[in-house]
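Okay, so here's the structure we're looking at.
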Amino acid sequence: MEERVIDEQALVVIDAPDEQAQVAAGYKSVIKHSFPVFAGQIKDSVAIADAEIESLAGDFEGIVDYVYKTVSMTSQDSNGEEAGGDLLVRLEKVSTSLQELVALKQSSALELKELSTFTKQLQEMASDVGDISRQTNLLAINAAIEAARAGESGSGFAVVADEVRTLATRAGQLSENMITSVSEVNKRFSDFTSNAEKTKTREDDLVEASSSTILEAIEKQRANEQSLTDVSASLTDISNQIGNKIAQALVALQFQDRVSQTLLHVVDGLRHIYGEAASGNAIDSSTVMAQIHSTYTTTNERDRHMELAGEESVTTEEVVDDGETTFF
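Each residue of the sequence shown is one higher than the last, beginning at 1 in the numbering used here.
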């Protein structure tokens with residue numbers, strides 16, 4: 001009877017290291033595969049924001065330049081003093097209105113620029129994740145060795161197990177910190193979206209009033225003097241250019257929807273991993289990565305996931321219709 005009890009205790013000693021080694025290997029695999037994907041998705045989001053902000057800045061500068069050209073062309077005309085003076089007043093009002101629109105958008109662009117301060121913090125976290133992954137790899141190897149010796153010197157594995165738990169705790173804390181940072185970035189984008197909605201009516205009114213005033217001024221110029229035909233043609237072209245620039249700027253502003261979706265998916269993925277880590281149960285890397293992949297709504301997210309996770313991309317024959325809406 002005594003020998004049987006000893007044998008059962010020995011089995012427990014052997015099984016415990018195996019289980020701990022399996023848990024450690026699971027966390028190592030999840031960290032190795034998921035965090036590069038999260039870092040890549042965040043990097044892509046920041047890159048998209050930076051590129052679109054630069055594009056918006058260029059569009060706004062173009063709008064101001066066209067307005068100045070319009071005012072300059074009108075002010076140089078010395079004929080038709082009364083008509084020309086009235087036209088100049090109208091175009092100056094257009095210039096003021098468009099500058100107000102530019103100011104509104106530049107204010108939003110400045111808010112987005114502030115998000116770049118989070119990039120360094122996220123890069124440092126990604127570096128810490130790399131350190132944890134390397135240390136976990138070493139501990140997993142040690143755990144396997146200690147597990148093999150558990151029957152003879154099982155006490156040595158206790159130290160390794162403690163270190164594994166410490167690293168798991170550190171990984172959980174780091175995940176929570178990344179969730180906080182990414183959530184803050186996403187909140188900024190949400191605030192930006194809210195502000196954009198509030199100013200949309202004002203923008204539409206400014207665009208409509210500006211276009212109407214420019215067209216009215218052009219028609220009045222044509223009616224007053226035939227000699228202003230060339231000027232009118234130039235004003236028409238500038239009016240179209242302004243309209244195109246404004247349209248491009250309004251379309252470009254839709255990028256925050258894509259960025260917001262990507263960051264929300266990163267937050268959801270981190271929360272999922274953090275929840276698994278908090279439970280202390282063994283996790284399967286492929287299952288976790290498949291769960292994260294299933295939440296994506298854009299082709300870019302899926303392709304980026306496949307690339308960074310070291311998996312093969314899905315062929316076009318395999319994807320019939322993902323329901324994605326293209327803004328860019």
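For glycine and all other residues, C-beta sits at the position ideal for the given N, C-alpha and C.
Inter-residue Cα distance where the pair is residue i and residue j
i, j, result
"glutamine 20", "leucine 139", "11 Å"
"arginine 304", "alanine 282", "27 Å"
"threonine 199", "asparagine 142", "60 Å"
"leucine 270", "serine 107", "32 Å"
"alanine 290", "serine 234", "57 Å"
"isoleucine 145", "alanine 309", "28 Å"
"tyrosine 66", "phenylalanine 192", "27 Å"
"glutamine 41", "glutamine 135", "24 Å"
"threonine 287", "valine 64", "53 Å"
"glutamine 340", "aspartate 50", "Residue numbering for the chain in the displayed model covers 1 to 328; residue 340 lies beyond these limits and cannot be assessed."
"serine 29", "lysine 43", "22 Å"
Selected residue, minimal CA-CA separation from residue i, among the options
i, options, result
"threonine 299", "Ser285, Val30, Gln261 and Tyr274", "Gln261"
"tyrosine 274", "Ile31, Ala233 and Ala25", "Ile31"
"serine 175", "His272, Asp65 and Val89", "His272"
"isoleucine 292", "Asp128, Gly62, Gly280 and His265", "His265"
"aspartate 131", "Glu100, Ala103, Arg170 and Val288", "Arg170"
"glutamine 241", "Glu301, Asp59 and Glu276", "Asp59"
"alanine 39", "Met178, Ala24 and Gly280", "Met178"
"glycine 26", "Glu276, Ile53 and Arg302", "Glu276"
"alanine 209", "Asp128, Glu100 and Ala249", "Glu100"
"alanine 247", "Lys43, Ala51, Leu56 and Gln22", "Leu56"
"glutamine 173", "Ser285, Asp128, Ser294 and Arg202", "Asp128"
"arginine 202", "Arg302, Glu216, Leu215 and Leu250", "Leu250"
"valine 89", "Glu216, Thr297 and Asp284", "Glu216"
7 Å CB neighbourhood of residue i in its chain, flanking five on each side removed
i, result
"serine 45", "Val259, Thr262 and Leu263"
"glycine 243", "Ser211"
"lysine 69", "Ile238"
"glutamate 301", "Gln41, Thr262 and His265"
"glutamate 54", "none"
Secondary structure of residue i, DSSP reduced to three states
i, result
"alanine 309", "helix"
"threonine 299", "helix"
"asparagine 281", "coil"
"glutamine 173", "helix"
"glutamine 254", "coil"
"aspartate 321", "With a pLDDT of 42 at aspartate 321, under the threshold of 50, the modelled position of that residue is not reliable, and the figure given next carries that caveat. Aspartate 321 falls in the coil class under three-state DSSP."
"valine 64", "helix"
8 Å CB neighbourhood of residue i in its chain, flanking five on each side removed
i, result
"serine 190", "Ser260"
"isoleucine 48", "Phe255, Arg258 and Val259"
Proximal residues to residue i (C-beta, below 6 Å), its chain only, five neighbours per side dropped
i, result
"glycine 62", "Lys245"
"serine 78", "With a pLDDT of 47 at serine 78, under the threshold of 50, the modelled position of this residue cannot be trusted, and the question is left open."
"valine 182", "Leu263, Val266 and Val267"
"serine 285", "Ser29, Val30 and His33"
Neighbour-count burial assignment, residue i, 16 or more Cβ in a 10 Å radius
i, result
"arginine 188", "buried"
"leucine 167", "buried"
"valine 37", "buried"
"valine 164", "buried"
"threonine 180", "exposed"
"alanine 103", "exposed"
"alanine 278", "exposed"
"serine 34", "buried"
"valine 267", "buried"
"serine 294", "exposed"
"glycine 280", "exposed"
Proximity test, residue i beta-carbon vs the ligand GDP heavy atom, cut-off 7 Å
i, result
"alanine 278", "Of ligands this structure carries none, so the ligand GDP is not represented either."
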